[in-house]
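*Asks:*
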Amino acid sequence: MNPTSSPALPGSSLNARRRLSELGRLADGDAGSVVDVLVVGLGATGAGAALDAATRGLTVAAIDAHDLAFGTSRWSSKLIHGGLRYLASGQLDVAHESAVERGILMERTAPHLVRAQPFVLPLTPLVSRGQAALARAGFLAGDLLRVGARTARSTLPQPRTLSAVETRHLAPALRPTGLRGGLLSWDGRLSDDARLVTAIARTAAAYGARVLTRTRALELHRDGALVRDETTGQVLRIRARTVVNAAGVWAGGLVDDVRLRPSRGTHLVLRSEDLGRLSAGLHIPIPGETNRFVLVLPQGDGRVYVGLTDEPVDGDIPDVPEVPETDIGFLLDVLGSALDVTVQRADVVGAFAGLRPLLDTRDAAGRTADISRKHAVLTSPSGVVTVVGGKLTTYRRMAQDAVDAAVTAGGLTAGPCRTASVPLVGAARPQTLAGLDVPARLVYRYGSEAPAVHALGLEDPALARPVVPGHPVTGAELVWAVRHEGALDTSDLLDRRTRIGLVPEDRATAEGAAREALARTAQVE
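Going by the numbering used here, the sequence shown opens with residue 945, and the numbers climb by one from there.
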């Protein structure tokens, strides 16, 4: 099976009709309804586990109480990191793993969704010459990680030193006073983290996995789970030979003896015009810190993200984390230390926070920023496999390790992991993608499926128009999401299949178009 053999991978479409049919078959209770692996949680790791298991020839059901990428996987910095930060803190294994997984995404499995992103670290008066030398050495070490991961130089260019003129050419908003130049480095950047999860889930579906959103796990057992269909309230049992708990920060609520120490990362959303033309992202050093930066990330859609913080979170875990004003003030202060423009609180048009599911080892002292990002796979006495920790970049390896453990726990017969060479929906060779006669923005988000999305707008000019003035998402993209990407309501459309909802004002404007897209599909069905 070659997922890049056609623009649309057969069997990859997710929609309300398919969900209802597959949930009904699982609820029948006969011998044929028992799956080999039940995955709970459809973030990147859960969707990755579903794909991993399905490509090994196992039967799979994957459920989520809400939607694809509802939790932490949609609140990331949208970067696919090569592990430089972990190298600096001595976590060599995590750094190498990150670099390897970055290369797999950029060159094999998702070249349409992950591309090289340039970053400038401005050498302002707040960056001493010693700190600059340390950062320069770090970027060179990061390039060695690229070599060790066998990622091509054409995929990630070489880091280098910039003059002050070059630095301001890439980022004119930087304050010129005292600017000595900059350090240019490269890393991987996603078009959208939630789109990555959608692509993983749809690829799993193409290999036979039953992907079921709005299906909440009430109880997990060795032989399956008691679940509730959140659209109807019906309670049913899904039977499975083994269970993988990939519920992220909520994993501890489903399995005893899993202790997590969540960490909050916050990003601000600004309009691009507030920061002027940015040809690169920025690493702005946090005053008084050696190896922590605030990231400025231009999105190419009229928005810029600014993040991130790393603060421990206590108490109950909310479905959607709140952004405290202290985080917003902190990020604005760091921006002000390097920029020649003033960004005020009123300029923040949106903000989002994600909770990282870090494993609480009980011997980790200090900040959550100091806790290892290495993932852990735990098998409970009842036989449920839980995967926690890690980060978005290494989702595939986390899924591989979780499925390995599930195969052992369930005594299953399965083939080896194949996901390092399985292209996701929309993936194609760079020259193939470059030759598509459609807007480049669509190719960056949909890959080889971009012509099919574009065709919806050609068939109906009303769908070709942006649904929000100044934002590029069109009605055709909303219709495509309902028909093929499993979107069931306006929140799925605006908050995850597109990211219009990150700006509340834009979200309100787009509500009508989202309802119309849902109605159009209902009429067709």
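Glycine included, C-beta positions come from ideal geometry on N, C-alpha and C.
#1: Can you tell me whether Tyr1151 is helix, strand or coil according to DSSP?
#2: If you drop the 5 nearest sequence neighbours on each side, which residues of the same chain put their C-beta closer than 8 Å to that of Val1411?
#3: CB-CB under 8 Å to Thr1159, same chain, minus the five flanking residues each way: which ones, in chain order?
#4: Which residue's Cα is closest to the Cα of Ala1425: Val1202, Asp1201, Val1331, Arg1146?
#5: I need the DSSP call for Thr1323, collapsed to helix, strand or coil.
#6: On the DSSP letters alone, give me the boundaries of the beta strand (DSSP E) that Asp1271 sits inside.
#7: For the beta strand (DSSP E) that His1211 lies in, which residues bound it at each end?
#8: Thinking C-alpha only, which one of Ser1326, Ala1077, Ala1320 is nearest Thr1338?
#9: Alpha helix (DSSP H) containing Thr1352: first to last residue?
#10: Give the straight-line distance between the Cα atoms of Gly1246 and Arg1215, rounded to the nearest whole angstrom.
#11: Would the region 1032-1045 count as touching the region 1370-1385 if we require 3 or more Cβ pairs under 8 Å?
#12: Between the C-alpha atoms of Val1091 and Leu1302, what's the straight-line distance to the nearest angstrom?
#13: Determine, using beta-carbon pairs with one atom in the region 1255-1268 and one in the region 1400-1409, whether at least three such pairs fall under 8 Å.
#14: In the structure shown, what three-state DSSP assignment does Phe1014 receive?
#15: Can you grab the Cα-Cα spacing for the pair Gly1192 / Gly1354, in whole Å?
#16: Going by alpha carbons, who is nearest to Pro1360 out of Gly1015, Arg1080, Gly1251, Arg1000?
#17: How close, in whole Å, do the beta carbons of Val1292 and Ile1272 come, if the pair is a contact with beta carbons under 8 Å?
#18: Have a look at Arg1181 and Gly1168 and give me their C-alpha separation to the nearest angstrom.
#19: Give me, in chain order, the residues of the same chain whose beta-carbon lies closer than 7 Å to that of Asp1307; leave out the 5 immediate sequence neighbours on both sides.
#20: Look at Ala1282 and Leu1114 and say whether their C-beta atoms are less than 8 Å apart.
#21: Between the beta-carbon of Ile1531 and the beta-carbon of Arg1133, is there less than 8 Å?
#22: Please state whether DSSP places Thr1453 in a helix, a strand or coil.
#23: State buried or exposed for Pro1242, treating a residue as buried only when at least 16 other CB atoms are found within 10 Å of its CB.
#24: Going by DSSP, what residues sit across from Ser1035 in a beta bridge?
#25: Can you look up Gly1082 in the DSSP assignment and give me helix, strand or coil?
#26: If we count the other Cβ atoms within 10 Å of its Cβ and call it buried at 16 or more, is Val1155 buried or exposed?
#27: How about Ala1117 and Val1285: do their beta carbons lie closer than 8 Å?
#28: Are the CB atoms of Ser1207 and Glu1255 within a distance shorter than 8 Å?
#29: Let's see if you can read the secondary structure: which residues bound the beta strand (DSSP E) around Val1106?
#30: With distances taken from CA atoms, which of Pro954, Gly985, Ser956, Gly992 is nearest Asp1345?
#31: By DSSP's criteria, Asn1189 is part of a beta bridge. Which residues make up the other side?
*Replies:* The relevant details are as follows:
#1: coil
#2: Val1417, Thr1418, Gly1419, Leu1422, Ile1444, Thr1453, Ala1454, Ala1457, Ala1458
#3: Excluding positions up to five away in sequence, the list reads Leu967, Ile1007, Asp1008, Ala1009, Val1171, Arg1172, Asp1173, Glu1174.
#4: Arg1146
#5: strand
#6: Unbroken run through Asp1271 is the alpha helix (DSSP H), 1269-1280; no beta strand (DSSP E).
#7: 1207-1215
#8: Ala1320
#9: 1339-1354
#10: Distance between the alpha carbons of Gly1246 and Arg1215 is about 6 Å.
#11: The answer is no - the region 1370-1385 does not touch the region 1032-1045, with fewer than three Cβ pairs under 8 Å.
#12: 29 Å
#13: no
#14: In the displayed model, Phe1014 falls within coil according to three-state DSSP, outside both helix and strand.
#15: 22 Å
#16: Out of Gly1015, Arg1080, Gly1251, Arg1000, Arg1000 has the C-alpha closest to the C-alpha of Pro1360.
#17: 6 Å
#18: 7 Å
#19: Interpretation of Asp1307 is limited by its pLDDT of 48, a score under 50 that renders its predicted location unreliable; no figure is taken from the coordinates.
#20: Cβ distance not < 8 Å, so Ala1282 and Leu1114 don't count as in contact.
#21: Examination of residue 1531 is not possible in this model, given that the chain is present from 945 through 1469 alone.
#22: helix
#23: buried
#24: Checking the displayed sequence, the identity of residue 1035 turns out to be Gln instead of Ser. For Gln1035, which the question treats as bridged, DSSP gives no partner whatsoever.
#25: helix
#26: buried
#27: yes
#28: yes
#29: It is worth fixing the name first, because residue 1106 is Leu in this sequence and not Val. Unbroken beta strand (DSSP E) run through Leu1106: 1104-1106.
#30: Gly992
#31: Val984, Thr1330
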